[in-house]
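What follows is a short report on a single structure.
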Amino acid sequence: MVLGKFIIIMKKDKIAIIGLGYVGLPLARLFATKYSVVGFDINTDRIFELMSGVDSTLEVDNETLQSVLVDENSDEIGLFCTNKLSKIKDCNYYIITVPTPVDKNNRPILTPLIKASQTVGAVLKKGDIVIYESTVYPGATEEDCVPVLEKVSGLKFNKDFYAGYSPERINPGDKEHTVEKILKVTSGSTPEIGLKVNGLYKSVITAGTHFAPTIKVAEASKVIENAQRDINIAFVNELAKIFNLLDINTHDVLEAAGTKWNFLPFKPGLVGGHCIGVDPYYLAQKAQENGYHPEIILAGRRLNDGMGDYVASDIVKCMIKKNIPVNGSKVLILGITFKENCPDVRNTKAVDLIKALKDYGANITIHDPWADGDEVMHEYGLESLKSIPNEKFDAVVLTVAHKSFLELNLDLFRNPNSILYDVKGVLKQQVDGGL
Ligand SMILES: NC(=O)c1ccc[n+]([C@@H]2O[C@H](COP(=O)([O-])OP(=O)(O)OC[C@H]3O[C@@H](n4cnc5c(N)ncnc54)[C@H](O)[C@@H]3O)[C@@H](O)[C@H]2O)c1
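Here it is as structure tokens:
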């Protein structure tokens with residue numbers, strides 16, 4: 020740009036993405052089609068696999084990943100992944116996509132967010148913008164994270180550096196609604212910064228953006244999306260319990276009711292993973308801190324968290340009705356991931372069902388073609404097999420609707436008297452029970 024007799028060289032925007040998991044990697048890949056992007060993660064194995072062009076989460080296919088990878092950190096368009104702090108020093112946007120789990124008492128764990136904020140604080144410069152994408156309660160960015168950035172950097176918020184919040188809405192395993200095709204909510208710590216943050220996302224998100232008035236509004240919008248789904252699923256899970264007592268098929272009822280234009284199409288099931296089953300606790304915690312005890316939100320959580328035990332007892336009932344001794348029985352579980360067609364096993368509720376069945380004395384065999392057996396063993400101490408052993412089982416239980424399960428001939432693995440239980444309501448053949 021020429022201004023009078025001075026020539027000013029405008030530095031191009033350079034983006035660091037902190038945390039290269041299910042959310043961070045697809046975002047880094049997308050930005051890397053137009054910007055110089057540095058992906059930063061504390062997990063060295065993850066950096067190694069990404070730099071060799073492989074994404075074990077299967078969210079970005081290898082060819083697409085390899086098409087944006089660059090060998091060195093430079094100002095050229097492309098993605099360079101690293102675990103070295105020095106390599107993200109020269110960025111001016113820092114986007115944080117680290118996990119936000121809960122502890123065993125369902126209280127939010129902000130440690131990864133705080134640690135990532137310390138990392139960014141150590142390289143923060145005047146004019147930089149830090150955008151949080153992790154799902155949090157309203158207030159987390161400005162009340163919990165920004166003070167860490169200020170303390171570590173010694174810089175002043177909204178004077179020297181700025182913040183933004185733009186929640187992620189991807190759905191792992193969903194190849195149709197990919198990051199660029201999902202409208203993105205954006206926000207900034209001042210109106211001007213909000214516009215900059217919005218412009219940054221608008222430059223890559225083809226579905227467009229929704230510019231929220233404040234960071235808190237954007238934070239709240241994300242957490243209620245998942246709380247709303249959780250409550251709606253809890254409602255249909257409750258219906259499934261009622262209709263099981265009345266000997267009515269829940270899916271037939273939902274199909275009939277679904278013919279009305281404003282009936283919401285939710286299905287019963289086990290609610291696992293690290294979004295729907297976790298995020299409502301973030302909102303509940305913030306509500307409680309402010310003196311309000313949420314009733315509907317926590318009732319939904321309680322109901323959904325109890326579904327593993329409920330399904331186990333329903334399976335046992337079906338076995339007893341057919342005179343199958345439960346203690347010492349052989350049960351085949353089809354699916355251990357938290358959802359269909361995706362390798363993610365974090366916070367999967369299939370393990371609650373398995374634990375309850377084991378407590379009844381059943382011997383469990385788990386088959387899941389998507390799950391990584393080592394990860395299942397490491398996380399839950401359970402063996403997950405890639406193929407089904409050539410045996411007959413007293414009960415076959417479909418817990419996850421992986422596409423490949425629908426093509427299996429399940430009769431090959433059943434005794435003439437064994438039960439077939441369909442948690443997801445997707446099997447075409449006659450079943451003995453299900454939600
Ligand atoms: N997975 C989803 O479907 C989804 C969808 C929408 C929103 N979210 C939210 O996005 C956030 C990230 O979720 P995810 O599923 O991508 O998590 P993830 O576990 O797949 O990935 C997080 C990555 O961050 C890295 N990490 C952890 N601490 C770090 C640190 N201090 N510095 C650098 N890297 C660090 C981890 O090594 C990991 O690779 C969470 O808040 C989640 O609730 C997830």
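Take any residue in the sequence shown, note its place counting from 1, add 19, and you have its number in the working numbering. Ideal placement from N, C-alpha and C gives every residue a C-beta, glycine not left out. Since the model is a prediction, treat every value here as computed from it, not as a measurement.
Closer than 7 Å: residue i CB and nearest ligand 1 heavy atom
| i | result |
| --- | --- |
| F40 | Reading the sequence as shown, one finds Gly at residue 40 and not Phe. Yes, the Cβ of G40 comes within 7 Å of a heavy atom of ligand 1. |
| C100 | no |
| T367 | no |
| T154 | yes |
| D60 | yes |
| C294 | yes |
| R188 | yes |
| G43 | yes |
| K134 | yes |
| I37 | yes |
| P127 | no |
| V117 | yes |
| Y233 | The amino acid at residue 233 is misidentified as Tyr; the sequence shows Thr. Checking the Cβ of T233 against ligand 1 gives no. |
| R248 | no |
| R65 | yes |
| T205 | no |
Buried versus exposed call for residue i [16 or more other C-beta atoms within 10 Å across all chains shown]
| i | result |
| --- | --- |
| T269 | buried |
| G400 | exposed |
| L44 | buried |
| N293 | For the sequence presented, residue 293 should be read as His rather than Asn. So H293 ends up on the buried side. |
| N92 | buried |
| D430 | exposed |
| G444 | buried |
| Y311 | exposed |
| N436 | exposed |
| K31 | exposed |
| I34 | buried |
| R321 | exposed |
| G453 | buried |
| I234 | buried |
| L417 | buried |
| W389 | buried |
| H386 | buried |
| P157 | buried |
| D249 | buried |
| P408 | exposed |
| H196 | exposed |
| N323 | buried |
| L39 | buried |
| L425 | exposed |
| M396 | exposed |
| D266 | exposed |
| D378 | exposed |
Terminal residues of the beta strand (DSSP E) in which residue i lies
| i | result |
| --- | --- |
| C164 | C164 -> no beta strand (DSSP E), and no H or E assigned at all. |
| I66 | Looking at the DSSP string, I66 is not in any beta strand (DSSP E); the run it does join, the alpha helix (DSSP H), is 63-70. |
First through last residue of the alpha helix (DSSP H) which encompasses residue i
| i | result |
| --- | --- |
| N81 | 81-87 |
| A440 | Here the sequence assigns Tyr to residue 440, which means Ala is not the residue at that position. Counting along the chain, Y440 falls outside any alpha helix (DSSP H), though it belongs to the beta strand (DSSP E) covering 433-441. |
| D249 | 234-264 |
| E308 | 298-308 |
| V364 | Premise fails: V364 is in no alpha helix (DSSP H) and is neither H nor E. |
| Y329 | 326-340 |
| D378 | 369-378 |
| T269 | 269-276 |
According to DSSP, residues forming a beta bridge with residue i
| i | result |
| --- | --- |
| G213 | G213 is not bridged to any residue. |
| G58 | I36, C100 |
| Y112 | I34, I148 |
| Y184 | Y151 |
| I385 | I352, S403 |
| V415 | L351, L439 |
| K203 | T228 |
| G453 | D441 |
| P127 | V121 |
| L50 | A quick correction: the sequence has Phe, not Leu, at residue 50. According to DSSP, which records beta bridges pairwise, F50 is partnered with nothing at all. |
| F176 | F180 |
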